[in-house]
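Reviewing the structure listed below.
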Amino acid sequence: MTQRIPVTELPESIAWVATELDLIDVDGTISRTHLRTLGEFLLRYGSAPAATPAPVIRTRARTKPTKAEVRTELTDRISTYLSTHPGATLNEISTALAAPLPAVTTSSRPVDWLILGEDELVASSERVESPTIAATRDRAKGALQAANLMASPLTHNAYTTLLRSGRVQGPSVARIVQLFGSWSAACSAVGVSSGEALRSNYERTWDDEQLFGFVERFLREPAHHGASHQFDIWRSTVNGTQKVPSLGTVRNILGGTWGDIRTSTLRRMRAAWAN
């Protein structure tokens, strides 16, 4: 009987121990004596150590949503509420949704163009015009008075002739009509006789009610965030089915800044559900 055994014939665990103890000869065999001694050792003290298992990476399961998820969920709820309650205040939203006011304040920022401040609920008793529009209105009054010295009664045709000849400096007839509502109303504002009855060609295309209606439609479009520079972009998308005034026309007729117009529109929208 051969006194040496090939290591390939040994169980893997035994071969591993024999290799670690340097009992394997260069020819890949181990003597029976060494193998017997090794077997007695393992029998007495235990089996060969198993290979070290790879560490298990344990991840803790989330038990609640993240702060960002909570904020996004509240923003969605606020947006839904504002779709039926435009012009609501932060306090009203907080009460309606049973959510803390600080959380509502933070989460409402993506939709805050539909929210009114507590100090915006009541309109000012005086109509506020932007400095630019006020200056243009004053220029128009001065031009009408100057033109009346050369043409009386002052028809829109006579004014246009004086304007084109350079004898009068001032806004166009169309611009004056935007500011005053009609040619006759503009002349009346400065005590000048227009010499003509009201004519549809020289009356405003839209009244205040219609203009506020256009602004309301714009504010309800979430893609534009109620931003003034987006109004004419929105206008271009709907002009195919209905003629919509430009932002300039809206501001010229309604007066004030875009913020003033937005606030006034939200008050009107609010009145539909708050009263």
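Per the numbering used here, residue 8 is the first one in the sequence shown, and the count goes up by one each step. Just so it is clear, CB atoms sit at the ideal spot from N, CA and C, and this is done for glycine as well.
Taking the alpha-carbon of G46 as reference, which of D32, R174, A25 and K148 has the nearest alpha-carbon?
Distances from the CA of G46 to each of D32, R174, A25 and K148 were compared; the closest alpha carbon is that of A25.
Local conformation of S201 per DSSP, three classes
In the three-state scheme derived from DSSP, where H, G and I count as helix and E and B as strand, S201 is classed as coil.
Ignoring anything shorter than 4 residues or poking outside the region 100-124, list the alpha helix (DSSP H) runs there in chain order.
Counting only runs of 4 or more, we get 108-114.
Using only alpha-carbon positions, find the residue among W120, L81, V118 and T113 that is nearest to A103.
Of the listed residues, the one whose Cα sits closest to A103 is L81.
Taking the alpha carbon of V33 as the point to measure from, which residue in P13, E19 and E223 has its own alpha carbon closest?
In terms of Cα proximity to V33, the closest of P13, E19 and E223 is P13.
Starting from the C-beta of A153, find all residues in its chain whose C-beta is less than 6 Å away, skip the five residues before and the five after it, and write them out in chain order.
Same-chain partners within the cutoff: V175.
Please tell me whether L89 and V118 are closer than 7 Å, where the distance is taken between their beta carbons.
The beta carbons of L89 and V118 sit closer together than 7 Å.
Host beta strand (DSSP E) of I12 (start-end)
Looking at the DSSP string, the run of the beta strand (DSSP E) that includes I12 is R11 to P13.
I301, DSSP secondary structure in three states:
A question about residue 301 goes unanswered here, because the residues of the chain that appear run from 8 up to 282.
In or out: N208 buried (at least 16 other Cβ within 10 Å) or exposed?
The predicted model places N208 with a pLDDT of 45, which falls under 50 and marks its position as unreliable; any figure quoted below should be read in that light. Classification of N208: exposed, given that the 10 Å Cβ count is below 16.
CA-to-CA distance, A165 to K355, given in whole angstroms:
What the structure shows of the chain is the stretch from 8 to 282, and residue 355 is not part of that stretch, so it cannot be assessed.
Would a C-beta distance cut-off of 7 Å place F219 and T272 closer than the cut-off?
Going by C-beta atoms, F219 is nearer than 7 Å to T272.
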